[in-house]
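Student: Per the UniProt record's numbering, the sequence shown runs over residues 1 to 145.
I have a structure I would like to understand better, so I am pasting it below and will then ask my questions one at a time.
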Amino acid sequence: MKNLFLFLTFSITSLTYSQTILFQEYYEGTLDNKTKIFFYFKMAEDGCPSTYVHAIYKYATNKNNDWILLETTFSEEKQQYTLVEHYNTGLFLLKRDKGKLFGLWISPDGKKQLKVDLTKVKVPKSKIETLERQLEIEQYKAHDC
Numbered sequence: 001m002k003n004l005f006l007f008l009t010f011s012i013t014s015l016t017y018s019q020t021i022l023f024q025e026y027y028e029g030t031l032d033n034k035t036k037i038f039f040y041f042k043m044a045e046d047g048c049p050s051t052y053v054h055a056i057y058k059y060a061t062n063k064n065n066d067w068i069l070l071e072t073t074f075s076e077e078k079q080q081y082t083l084v085e086h087y088n089t090g091l092f093l094l095k096r097d098k099g100k101l102f103g104l105w106i107s108p109d110g111k112k113q114l115k116v117d118l119t120k121v122k123v124p125k126s127k128i129e130t131l132e133r134q135l136e137i138e139q140y141k142a143h144d145c
């Protein structure tokens, strides 16, 4: 009886927190046609169903593997995304179309606007797994009490 209770508890918990990954994509490109960046973009759906997007990015010149977590709001129908850097150090206004993300990066005071041009890069599953772990690390650092 105890084993049955444990089995049912874990089964219900896993159903509650299950997610369906709609896509996991890796992009490379530039800010202002000169600063190279790397961008990981993931869309998933939970059991509610709620669709959400998680993203991180970093500058190619960053040798410390310091990624920046992005908080997202989006229109799935229009494929338009607003991604705010954690700690509000800037934001992206991007459109996703035909393997590209493009739009603007805007400084917090709105005085600086840089063109963003990113192209999806096909990478092995192992690279996606590494990016997913990095996303989890950044979320933990940002939201752990």
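Built from N, CA and C at the ideal position, the CB exists for glycine as well.
Taking its Cβ as the centre, do 16 or more other Cβ atoms sit within 10 Å of R96, making it buried, or is it exposed?
Tutor: buried
Student: Could you check what DSSP says for F5 in three-state terms: helix, strand or coil?
Tutor: Only weak support is given to the placement of F5: the predicted model assigns it a pLDDT of 47, under 50, and the question is left unresolved by the model.
Student: With distances taken Cα to Cα, identify the nearest neighbour of T119 among H86, G29 and Y87.
Tutor: G29
Student: For the region 14-92, which segments carrying the beta strand (DSSP E) assignment without a break, of at least 3 residues, lie completely within its bounds, in sequence order?
Tutor: 19-31, 35-46, 51-59, 68-75 and 80-85
Student: Does K122 come out as helix, strand or coil in the three-state DSSP assignment?
Tutor: coil
Student: Taking the DSSP output, what are the residues bridged to Q113?
Tutor: I106
Student: Between I56 and the rest of its own chain, which residues show a CB-CB distance below 8 Å, the 5 nearest in sequence each way excluded?
Tutor: Non-local beta-carbon contacts of I56 in its own chain, meaning distances under 8 Å to residues more than five positions away in sequence, involve F39, Y40, W67, I68, L69, L70, L131, Q134, L135 and E138 in chain order.
Student: Going by C-alpha distance, which of T51, N65 and S107 is nearest T73?
Tutor: T51
Student: Ignore the nearest five residues each way along the sequence and tell me which others in Q24's own chain have a CB closer than 6 Å to its CB.
Tutor: K42 and I128
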